[in-house]
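Heads up, the sequence shown is in the numbering used here, so the first residue is 6 and it goes up one at a time.
C-beta: ideal position from N, C-alpha, C; glycine also.
Let me begin by presenting the structure, written as structure tokens, before commenting on it.
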Amino acid sequence: MVESRMLLNPAQVCEALGIAPKSIGRLTAEGYLEVKANQQFKNGNMQLFSADQVRNLIADIPRIKQAWERYDNFRFGANRLARARACRHRSYQDKIKRKEQFFQTLDSLPGQVKQILKASFYLYHLNHYAKAGNPYLYDLKEKVLHTFVQHYYNGDELLQVSFIEGDSKLTLCPDCKTRAKNQNLSYVDYLDKTRGCPRCTREYKYYSLYEFNVCCRDYQFCFHTPYATAKRWFGKDQLPPQKQTPRREGAYAFGRAIYDSEARAVELIEVIEELQNFLHCFGIEPLIETRRYNFGQSRQPR
Ligand SMILES: [Zn+2]
């Protein structure tokens with residue numbers, strides 16, 4: 006039995022209700038669910054919800070989903086949406102198959118290789134979820150990439166890191182802002198014209214990145230992290246080589262980029278849980294609760 010004051014995070018809410026994270030926003034906007042608290046992470050807030058409210062919603066979810074479908078059909082056209090849904094469903098089944106295939110292939114690989122490829126698979130999906138409006142998940146991404154550097158970065162093909170230099174960030178000082186206004190220039194135009202003055206603040210290499218490439222056989226994953234986040238992860242003797250242009254971030258299984266819809270076959274709670282299991286192997290404590298509660302009702306398929 007769940008305590009009445011207990012709070013659930015978005016991954017737990019999605020798991021309990023069988024919904025995608027973006028539907029949480031819709032439930033709160035329509036008054037079905039309230040944000041009860043926020044947990045502060047370095048990269049953003051994680052909303053928390055009442056377990057009681059979530060439990061009470063389980064029975065209503067099919068009705069709410071039908072109402073959403075009717076509304077969306079009315080707004081965007083029923084035929085168009087029916088085609089989109091059928092396409093999404095086919096694509097979802099395809100993703101499930103690919104996921105199974107991926108894990109089958111992993112079984113034939115040596116333990117360490119398997120471990121980093123599996124973590125990369127989940128990290129790719131975490132990134133996708135983080136980009137879709139859940140920036141607090143970047144805290145977990147940082148921990149995983151840092152662990153990659155500590156335990157896998159040894160000059161092998163398997164993990165390669167490069168440094169991509171970007172511009173420094175320049176913020177105009179109050180005087181320059183006034184001058185820009187007096188000259189009828191936007192701050193950006195003023196910056197382009199003058200490059201600021203010595204009293205403006207410059208954040209060195211602000212837009213620089215580290216690029217991580219995890220490669221093995223047919224699989225390739227690519228991740229980026231800001232220079233400021235990762236600069237202390239590398240010893241003097243292992244500084245990543247510089248590269249000119251970043252590769253598109255993503256996963257390249259079977260020689261192609263993973264489709265966005267692939268993420269639907271991999272739920273947020275599974276992603277968090279698997280990445281925290283990976284970190285646990287290296288003694289790192291979990292950041293996000295992933296306990297699953299049995300609310301006594303079987304949930305709807307998504
Ligand atoms: Zn200035």
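Whole-angstrom C-beta distance between residue j and residue i, which should lie under 8 Å
| i | j | result |
| --- | --- | --- |
| C227 | R252 | 5 Å |
| H248 | S173 | Inspection of the sequence shows that residue 248 is occupied by Lys rather than by His. Their Cβ separation, rounded to whole angstroms, is 18 Å, which puts K248 and S173 out of contact at 8 Å. |
| H229 | E216 | 6 Å |
| A270 | K100 | 4 Å |
| Q44 | N50 | 7 Å |
| S113 | V219 | With a Cβ gap of about 17 Å, S113 and V219 do not count as contacting. |
Rounded separation between residue i and residue j - CA only
| i | j | result |
| --- | --- | --- |
| Y76 | R88 | 16 Å |
| N84 | A91 | 11 Å |
| F79 | Y143 | 37 Å |
| A21 | E278 | 15 Å |
| I63 | L12 | 16 Å |
| N299 | E275 | 16 Å |
| Q109 | V118 | 14 Å |
| K198 | E170 | 23 Å |
| P291 | K70 | 33 Å |
| R68 | R297 | 24 Å |
| F46 | T234 | 14 Å |
| Q106 | Y127 | 15 Å |
| C19 | S96 | 21 Å |
| A72 | L38 | 16 Å |
| N189 | T33 | 42 Å |
| R10 | R60 | 12 Å |
| Q243 | Y192 | 39 Å |
| G260 | A25 | Its pLDDT being 49, under 50, G260 is placed unreliably by the model, and the measurement read from it follows with that caveat. Each residue's alpha carbon lies about 28 Å from the other. |
| I29 | N187 | 46 Å |
| I289 | G23 | 29 Å |
| R200 | T250 | 24 Å |
| L86 | L284 | 41 Å |
| Q17 | D194 | 46 Å |
| K104 | F81 | 31 Å |
| P115 | E74 | 46 Å |
Residue nearest to residue i in terms of C-alpha spacing, selected from the options
| i | options | result |
| --- | --- | --- |
| T176 | C205, E162, Y158 | C205 |
| P15 | D180, Y158, A135 | A135 |
| S213 | P231, P203, V219 | P231 |
| A42 | N299, S55, D65 | S55 |
| T183 | C202, I169, R297 | C202 |
| Q281 | L145, Q225, C178 | L145 |
| L131 | L273, K236, V40 | L273 |
| I293 | G30, Q52, Q188, K236 | Q52 |
| E35 | F283, I66, F46 | I66 |
| G255 | P245, H133, Q243, F287 | H133 |
| I121 | R31, N187, Y224 | Y224 |
| F287 | P115, V18, V154 | V154 |
| K210 | Q165, K236, V219, Y195 | K236 |
| Y129 | D112, E147, G116 | E147 |
| P245 | G23, G160, Y195 | G160 |
| W238 | T152, L196, W73, H285 | T152 |
Beta-carbon spacing of residue i, residue j below 8 Å
| i | j | result |
| --- | --- | --- |
| L150 | Y157 | no |
| A137 | K27 | yes |
| P140 | N48 | yes |
Pick out every residue whose C-beta is nearer than 6 Å to a heavy atom of ligand 1: which are they, in chain order? Any residue whose Cβ sits closer than 6 Å to a heavy atom of ligand 1 makes the list: L177, C178, D180, C181, G201, C202, R204, C205.
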